[in-house]
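Worksheet: the structure to be examined is printed underneath.
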Amino acid sequence: MLLDYTLFLSGTLASLLVALLLDAILGDPDWIWRRLPHPVVWIGKLVGLFDRVLNLKRNNALNFLLGLFVTLLLVVLGISGGIGLRWVSEQSLYGAAAAILFVAILLAQKSLYSHVKRVADALKDPNIETARQTVAMIVGRDPQQLNKSGISRATIESCAENLSDGVVAPAFWFAVAGFPGLVVYKAINTADSMIGHKNERYHAFGWSAARLDDLLNLIPARITGVLFALCAPIVGGSVFRSLGGMLREAGWHHSPNAGWPEAASAYALGIALAGPRQYGNQKVDAPFFNASGRKDAGKRDIRRILNLTIAVLALQWLIYLGLYAALA
Numbered sequence: 038m039l040l041d042y043t044l045f046l047s048g049t050l051a052s053l054l055v056a057l058l059l060d061a062i063l064g065d066p067d068w069i070w071r072r073l074p075h076p077v078v079w080i081g082k083l084v085g086l087f088d089r090v091l092n093l094k095r096n097n098a099l100n101f102l103l104g105l106f107v108t109l110l111l112v113v114l115g116i117s118g119g120i121g122l123r124w125v126s127e128q129s130l131y132g133a134a135a136a137i138l139f140v141a142i143l144l145a146q147k148s149l150y151s152h153v154k155r156v157a158d159a160l161k162d163p164n165i166e167t168a169r170q171t172v173a174m175i176v177g178r179d180p181q182q183l184n185k186s187g188i189s190r191a192t193i194e195s196c197a198e199n200l201s202d203g204v205v206a207p208a209f210w211f212a213v214a215g216f217p218g219l220v221v222y223k224a225i226n227t228a229d230s231m232i233g234h235k236n237e238r239y240h241a242f243g244w245s246a247a248r249l250d251d252l253l254n255l256i257p258a259r260i261t262g263v264l265f266a267l268c269a270p271i272v273g274g275s276v277f278r279s280l281g282g283m284l285r286e287a288g289w290h291h292s293p294n295a296g297w298p299e300a301a302s303a304y305a306l307g308i309a310l311a312g313p314r315q316y317g318n319q320k321v322d323a324p325f326f327n328a329s330g331r332k333d334a335g336k337r338d339i340r341r342i343l344n345l346t347i348a349v350l351a352l353q354w355l356i357y358l359g360l361y362a363a364l365a
């Protein structure tokens with residue numbers, strides 16, 4: 038049994054190494070997704086259908102059970118789809134290539150970098166509305182409440198969190214559980230982003246999806262935080278200061294996972310992140326990570342988080358390469 042899993046793990050690591058390189062080079066070309074629906078779009082349509090048909094918004098207990106049913110169904114469909122992808126990958130070299138390309142599509146290295154860089158570029162415009170419109174594409178808070186420093190800090194926080202959700206977590210679950218692990222993770226993560234909100238409409242229906250997403254991100258978020266800390270010297274930070282700050286303050290975040298990469302990156306960059314912020318009509322009165330750090334962040338700091346992100350991605354790839362070499 039152990040030998041079988043070792044062989045399986047070696048194969049998934051080999052595929053993951055290639056997929057990470059493909060995504061880093063190609064990203065998500067717009068010309069493809071203007072003509073074909075992205076796999077995540079299909080997942081989103083399915084979740085949206087479940088929401089329209091099953092979210093009754095009348096009985097919290099029933100809504101909870103229906104939401105639990107939807108979450109379990111997504112897991113079953115994800116496992117089934119993943120098994121199908123694995124079967125395709127085993128049929129021929131073309132099937133293996135197509136399956137690896139599918140893995141690359143579900144990673145988000147280049148697209149994350151591009152979205153964050155657009156905010157830094159927009160901050161060059163004297164009209165702050167350009168930057169506000171750009172940052173609104175990657176953060177949930179009210180951009181009209183943000184000055185240039187607020188835009189920069191919100192972008193950095195989003196980069197840190199999305200590096201965990203969009204790259205480290207899907208790569209981790211593919212590495213340890215293959216195609217079923219990857220597809221289930223993307224399905225639940227998409228469901229959480231759509232129905233996992235703490236409001237009247239979703240607090241019961243989306244509870245199970247949100248909690249399962251928290252569970253699936255438990256290990257990847259902490260891995261991401263450690264990777265940020267290890268790469269801190271790239272941007273003039275300290276490994277031990279970043280690790281210490283992360284371990285001490287990560288739990289301050291309302292999310293059980295987002296605080297780990299955000300706290301580590303705050304100390305790596307030497308700036309204060311999180312703190313009080315506005316989401317629509319809701320104000321979140323949260324403490325700062327690295328409260329003694331600079332609060333006047335700017336586009337230079339966005340470029341620093343991009344450099345730190347590149348270092349984290351390179352280190353992640355090297356770690357997977359080392360694991361593959363040890364198993365080969």
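Mind the numbering: the sequence shown is residues 38 to 365 in our numbering, read in order.
Using N, Cα and C, we set each Cβ at its ideal position, and we do this for glycine too.
- Taking only the alpha-carbon atoms, compute the straight-line gap between Val107 and Gly243 and give it to the nearest angstrom. About 9 Å.
- Run of the alpha helix (DSSP H) containing Arg148, from where it starts to where it stops: The sequence as given places Ser at residue 148; Arg does not occur at that position. Where Ser148 is concerned, the enclosing alpha helix (DSSP H) stretches over 146-159.
- Task: Name the two residues that bound the continuous alpha helix (DSSP H) containing Phe277.
- Result: From DSSP, the alpha helix (DSSP H) with Phe277 extends over 276-286.
- Message: Is it buried or exposed, Pro257, if we count other Cβ atoms within 10 angstroms and call 16 or more buried?
- Response: Only buried fits Pro257, as 16 or more other CB atoms lie within 10 angstroms of its CB.
- My understanding is that Arg341 touches Val272, with C-beta atoms under 8 Å, so please give their C-beta distance in whole angstroms. Contact between Arg341 and Val272 holds, since their C-beta atoms are separated by about 5 Å, short of 8 Å.
- Residues sharing a beta bridge with Leu46, DSSP: Its beta-bridge partners do not exist; DSSP assigns none.
- Thinking just about the alpha-carbon of each residue, which of Arg314, Leu284, Met231, Lys147 is nearest to the one in Ala351? A check of alpha carbon separations from Ala351 across Arg314, Leu284, Met231, Lys147 identifies Lys147 as the nearest.
- Query: Start and end of the alpha helix (DSSP H) containing Gly215?
  - Reply: Gly215 -> alpha helix (DSSP H) spans 206-232.
- Query: What first and last residue would you give for the alpha helix (DSSP H) that runs through Ile193?
  - Reply: Segment 185-200, the alpha helix (DSSP H) holding Ile193.
- Task: Please report the residue range of the alpha helix (DSSP H) in which Gly262 lies.
- Result: Per DSSP, Gly262 belongs to the alpha helix (DSSP H) from 255-267.
- Under 8 Å by Cβ, that's how I've got Val156 and Val172 pegged, so tell me the actual separation to the nearest angstrom. Your pair Val156 and Val172 checks out as a contact, with CB atoms roughly 5 Å apart and the cut at 8 Å.
- Query: Counting along the chain, where does the alpha helix (DSSP H) carrying Tyr304 start and finish?
  - Reply: Membership of Tyr304 in the alpha helix (DSSP H) is indicated by the continuous run 296-306.
- Work out the CA separation of Ala56 and Asp63 for me, nearest whole Å. The residue you asked about is not Asp; residue 63 is Leu in the sequence shown. Rounded to the nearest angstrom, the two C-alpha atoms are 10 Å apart.
- Take every Cβ of the stretch 73-88, pair it with every Cβ of the stretch 173-184, and state whether three or more of those distances are shorter than 8 Å. Too few Cβ pairs lie closer than 8 Å, so no.
- Message: Give me the DSSP bridge partner(s) of Leu310.
- Response: Looking at the DSSP output, Leu310 bridges to Phe326.
- Item | Segment contact flag, the stretch 230-244 with the stretch 93-100, C-beta cutoff 8 Å, min 3 pairs | Judged by Cβ distances under 8 Å, the stretch 230-244 makes contact with the stretch 93-100, as three or more pairs qualify.
- Task: For the alpha helix (DSSP H) containing Asp88, list its first residue and its last residue.
- Result: Per DSSP, Asp88 is one residue of the alpha helix (DSSP H) stretching across 76-91.
- Starting from Gly359, follow the alpha helix (DSSP H) in both directions and report where the run begins and ends. DSSP places Gly359 inside the alpha helix (DSSP H), whose first and last residues are 336-364.
- Nearest-angstrom beta carbon gap, Ala295 and Ala303 [assumed within contact, 8 Å]: That belief does not hold up - the Cβ atoms of Ala303 and Ala295 are roughly 12 Å apart, past 8 Å.
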